[in-house]
Amino acid sequence: MAPHSWMLPVFLIDDDFESEPSAQQQSVSETAVVEEPRKQDPRPPASERPLRGGPPGSGGGPPGIHLSPGSSGPRAHPGRRGRSASPEELDLFIKVAGELNPKWQTRLEELRETNQEGFQKAVGSSRRLWRLVDLHQRWPSLYKLRVLETKNEQQLKDLGRGYREAMQSEDLQGAEDILEQLRVLALAQVDLQVRVRGEELAAMAEALEQLRVEMIGELEQRSELAEELVQKHLNPPPRPEEHSGDGSRQQLRLGPESGSSKKRPSKDS
């Protein structure tokens with residue numbers, strides 16, 4: 000049976016979306032769709048969870064770059080609140096979800112076919128996944144690193160959970176084995192985060208170089224640009240109201256009263 004409601008795993012979901020749970024929003028595991036009534040969330044508050052993709056000491060900011068080559072600032076992510084994603088963007092969103100976990104792609108495709116409201120809710124909840132979609136389109140090399148970083152992050156969570164379960168069941172040897180895996184993966188994750196920062200710095204350097212070239216070009220064309228400014232102010236383009244003649248311009252200035260035949264009452268009446 001196709002799921003009636005499904006949300007992406009919580010580590011891909013916006014904090015602000017989590018703060019507004021609806022009757023359709025349910026907890027899910029990585030391996031099964033849960034259609035039981037929503038249970039109390041055992042996790043600490045979102046403000047206390049350091050799981051937002053930043054490197055150690057970065058404040059846990061969301062993943063993704065904030066400056067890209069040729070960009071004057073961060074672009075809005077499709078599918079977020081504010082505008083609807085195109086069908087092509089939704090296709091890419093599902094593809095990226097599948098690269099993180101094939102089961103997520105399957106569930107999103109099922110929702111898209113059977114429950115548009117549930118699909119839009121699942122799609123609209125994931126800021127981090129839309130950041131990956133953005134990187135896939137603009138910066139494939141960094142996208143691959145971010146996908147691996149996100150996979151490792153989920154694996155670290157799974158290992159931590161397995162360690163706690165082993166300790167609760169007094170499986171000391173199993174807990175020790177998991178702890179060793181956790182330490183190895185944590186080191187690999189730190190190395191990967193350093194590579195990601197290197198890619199981001201390279202992009203910033205490229206963007207700064209582009210700005211420098213543009214600045215030099217403006218200096219080389221200083222006289223021409225100045226003359227363009229002079230001509231612009233000597234011969235400004237006509238304002239919209241000047242195209243319609245005196246009558247239309249008068250109506251714009253006076254408003255609806257200019258077309259009315261009624262006279263204002265005098266003080267003597």
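Position one of the sequence shown corresponds to residue 0 (numbering that gives the first Met the number 0), numbered consecutively onward.
All residues carry an ideal CB built from backbone N, CA and C; glycine is no exception.
query                                                                                                                                                                             : result
Based on Cα-Cα distance, which residue from Ser125, Val132 and His232 lies nearest to Arg145?                                                                                     : Val132
Can you look up Glu148 in the DSSP assignment and give me helix, strand or coil?                                                                                                  : helix
For Glu169, which three-state DSSP category applies?                                                                                                                              : coil
Can you tell me the Cβ-Cβ gap for Leu110 and Ala96, rounded? I've got them flagged as a contact below 8 angstroms.                                                                : Not confirmed; about 11 angstroms, so no contact.
Roughly how far, in whole angstroms, is the beta-carbon of Leu184 from the beta-carbon of Leu158, given that I think they are within contact range, below 8 angstroms?            : 7 angstroms
Here's a check: name, in chain order, each residue in its chain whose Cβ is nearer than 6 angstroms to the Cβ of Gly161, leaving out the five neighbours to either side.          : Ile177
Counting only runs of 4+ residues fully inside the stretch 85-172, write out the alpha helix (DSSP H) ranges in chain order.                                                      : 86-99, 101-113, 115-123, 126-137 and 139-167
On the premise that Leu141 lies in contact with Leu134, defined as a C-beta separation below 8 angstroms, what is that separation, rounded to the nearest angstrom?               : 5 angstroms
Who are the near neighbours of Leu224 in its chain, counting only those whose CB is closer than 6 angstroms to its CB and skipping five residues on each side?                    : none
Can you list, in chain order, the residues of its chain with a C-beta nearer than 8 angstroms to that of Val212? Leave out the 5 residues immediately preceding and following it. : none
How many angstroms separate the CA atom of Leu99 from the CA atom of Leu210?                                                                                                      : 35 angstroms
Taking the continuous alpha helix (DSSP H) assigned at Gln230, which residues delimit it?                                                                                         : Arg221 to Leu233
Which whole-angstrom value describes the C-beta separation of Gln188 and Asn151, a residue pair presumed to lie in contact below a C-beta threshold of 8 angstroms?               : 5 angstroms
In three-state DSSP terms, what is His237?                                                                                                                                        : It should be noted that the sequence gives Pro, not His, for residue 237. Coil at Pro237, not helix or strand.
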